[in-house]
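Everything below concerns the one structure shown next.
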Amino acid sequence: MVPSRDLAKKVALTKWSEGGVDPCFACGLCTAVCPVHNNVDLSFDPRKLVRMTIMGQKEELLRSELLWLCLLCNSCGYHCPRGVKFSHVVPILREMALQQEYAKASLLKKVGYRYILPSRKRLACASKFIAFYQRNRRLFENLGISRLFPDSVELLAKVLPPVASPPLRERLAERVPAEGKTKYRVAFFLGCADDLIYTDVAKATISLLTSLGCEVLIPKQIQCCGMPFVGYSDMRLAKHMALQNISALEKTGADFIVADCATCSSFLKEYKLLFSDDPSYAHRAAFFASKVRDVTEMLSILSFENGLLGRLRARLVFHDPCHLRKTQRIWREPRELLRKVEGLEVLEAMEPLLCCGGAGTYNVFQYEASMKILEKKLQRLMETKPDLIVTSCPGCITQLKMGIHMKGLPYGVKHVVEVIKESFLEKT
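When you read off a place in the sequence shown, starting at 1, and then add 174, the result is the number in the numbering used here.
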């Protein structure tokens with residue numbers, strides 16, 4: 175029987191797949207570095223899933239629960255000698271599975287991804303429930319209501335900072351002038367996590383940028399970057415969110431667009447790919463993406479004059495977010511920034527490319543798998559005996575805090591901009 179090429183052709187025709195799976199020659203590197211294969215389920219085999227796509231085993235593939243175990247961490251694509259981006263292929267296969275009813279999304283996912291997350295207003299309203307639960311957790315426990323929630327939700331409520339009410343965007347000016355001479359006009363992409371949870375990270379980013387001569391513009395029309403909808407496999411909705419952001423941010427006429435969430439900065443850069451098969455928006459998206467910088471890139475562009483940073487005493491280890499290192503190929507910049515602070519000892523963990531297992535809401539919907547992946551990452555970080563774990567993604571911060579809380583470890587977790595900002599304060 176001659177294998178059908180229809181499935182592989184469909185995948186390859188979708189520009190998001192970046193060429194599809196045909197270049198694969200089954201070397202197995204993808205499987206060797208896959209965090210799901212190595213920590214959760216040996217039957218999850220990226221090489222096998224790629225071969226199934228090539229061989230046209232459509233029904234078996236699209237019905238497989240394994241398809242939903244993928245983190246989209248790009249460990250496979252980062253190491254692939256043939257350039258196959260399996261983490262870009264998986265969302266296409268998932269979308270086919272949902273559309274052709276080989277799989278069904280849970281009610282929670284449908285409500286969360288189709289109704290709440292696409293609207294910052296509805297997201298802010300939903301977050302009030304989390305804030306209420308955080309304030310009254312003891313009462314919920316005494317009444318036995320806490321037992322009704324999944325372990326993941328209970329753990330998140332314990333480790334997350336108090337949810338901001340009102341959201342940070344409602345309290346920020348749309349324009350924050352530079353201190354001294356203006357070097358650049360920067361549009362700040364205020365992500366969902368910064369807006370509602372890690373508001374101190376956003377404030378530190380804005381403060382650093384203005385201190386280093388940037389006029390910061392913060393449009394209130396910014397929506398979710400769109401990456402969660404790729405994970406959920408709704409490419410139409412991802413494009414819808416992207417268009418809103420392009421429209422809001424291009425109006426600023428900024429020199430750069432900066433995000434302090436590695437997932438956001440990564441996906442904003444991929445708007446170029448998202449619209450590459452749409453002649454109406456391809457040029458706009460490409461021009462937009464060319465301006466995007468992760469905050470660690472932007473701070474590296476700006477000069478730290480001698481004596482600008484104060485002294486801090488700490489041993490810290492940097493955790494590389496997958497969407498920073500494996501997608502954007504950024505790893506030197508955060509380390510170089512931290513090493514500019516006198517007194518900081520920047521340690522290196524073994525196997526620095528290990529994923530933490532957070533992956534957006536993966537730690538909610540695939541909680542057990544997520545915690546198994548986190549176990550190995552935490553082990554490697556703890557081996558360095560740090561005072562502090564530093565990273566540059568709110569999702570990673572949350573995931574690492576979950577693991578630290580579960581194990582009762584004495585480590586704090588901070589965003590790199592918080593550490594640099596603290597050094598500024600020490601100097602002043």
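For each residue, glycine too, the CB sits at the ideal point set by N, CA and C.
Predicted, not measured: the structure shown is a model, and the values here were computed from it.
In summary, H211 is buried, with 16 or more beta-carbon neighbours lying within 10 Å of its beta-carbon over all protein chains present.
DSSP lists R359 as the beta-bridge partner residues of E389.
A residue is called buried when at least 16 other Cβ atoms come within 10 angstroms of its Cβ; T356 does not meet this threshold and is exposed. For the stretch 555-597, the continuous alpha helix (DSSP H) assignments of 4+ residues that do not extend past its boundaries occur at 568-581, in sequence order. Counting along the chain, L241 sits inside no beta strand (DSSP E), nor does DSSP assign it H or E at all.
In the structure shown, the three-state DSSP call for A416 is helix. Sequence-distant partners of R343 (beyond 5 residues in either direction) whose C-beta falls short of 8 Å from its own C-beta, in its chain, are R294, L364, D369, I392, K394, I396. Under the three-state reduction of DSSP output, F449 falls in the coil class, being neither helix nor strand. In the three-state reduction of the DSSP assignment, V466 falls in the strand class, which pools E and B. Taking 7 Å as the cut-off, the beta carbon of F441 is found closer than this to the beta carbon of M401.
In chain order, N213, L528 place their CB closer than 7 Å to the CB of K550, counting only its own chain and leaving out the 5 sequence neighbours on each side. Close CB contacts of R225 within its chain, under the 7 Å cut and outside five residues either way in sequence, are with A200 (chain order). Apart from the 5 residues on each side of it in sequence, A460 sits with its Cβ closer than 7 Å to the Cβ of K446 in its chain, given in chain order. The stretch 347-354 makes no contact with the stretch 311-318; the number of CB pairs closer than 8 Å stays below 3. In this structure, V564 lies away from V591, with their beta-carbon atoms at least 7 Å apart.
In the pairwise beta carbon analysis, the stretch 399-416 is classified as not touching the stretch 329-343: fewer than three pairs are separated by under 8 Å.
Ranked by Cα distance from D215, the options I266, G251, L243 are led by L243. Taking every protein chain shown into account, the CB of F218 has 16 or more other CB atoms within 10 angstroms, so this residue is buried. Under the 8 Å Cβ criterion, the stretch 236-252 counts as touching the stretch 499-518, having at least three qualifying pairs. Separation of the CB atoms of R237 and S407 is rounded to 15 Å, and the pair is thereby denied contact status at 8 Å.
Only buried fits L223, as 16 or more other CB atoms lie within 10 angstroms of its CB. As the crow flies, the alpha-carbon of Y287 is around 11 Å from that of R296. DSSP places F199 in the coil class of the three-state scheme, outside both helix and strand. DSSP links L521 through a beta bridge to V491.
Here I290 has R296, L297, A300 as same chain residues with Cβ atoms under 7 Å from its own Cβ, once five neighbours each way along the sequence are excluded. In the three-state DSSP reduction, V214 falls in the coil class, being neither helix nor strand. Nearest C-alpha to M472 among K284, L490, F539, T384: T384. In the DSSP assignment, I266 falls within the alpha helix (DSSP H) that extends over 260-273.
In this structure, the CA atom of E522 is about 16 Å from the CA atom of C530. Per DSSP, A433 is one residue of the beta strand (DSSP E) stretching across 430-433.
With contacts defined as CB atoms closer than 7 Å, I266 and T188 qualify as a contacting pair. Of the candidates V264, L548, R513, L245, the residue whose Cα lies closest to the Cα of P526 is L548. In the three-state reduction of the DSSP assignment, R345 falls in the coil class. Taking one beta carbon from each stretch, the stretch 431-438 and the stretch 369-380 have 3 or more pairs nearer than 8 Å; the two touch.
Within the DSSP secondary-structure output, V350 pairs in a beta bridge with V390.
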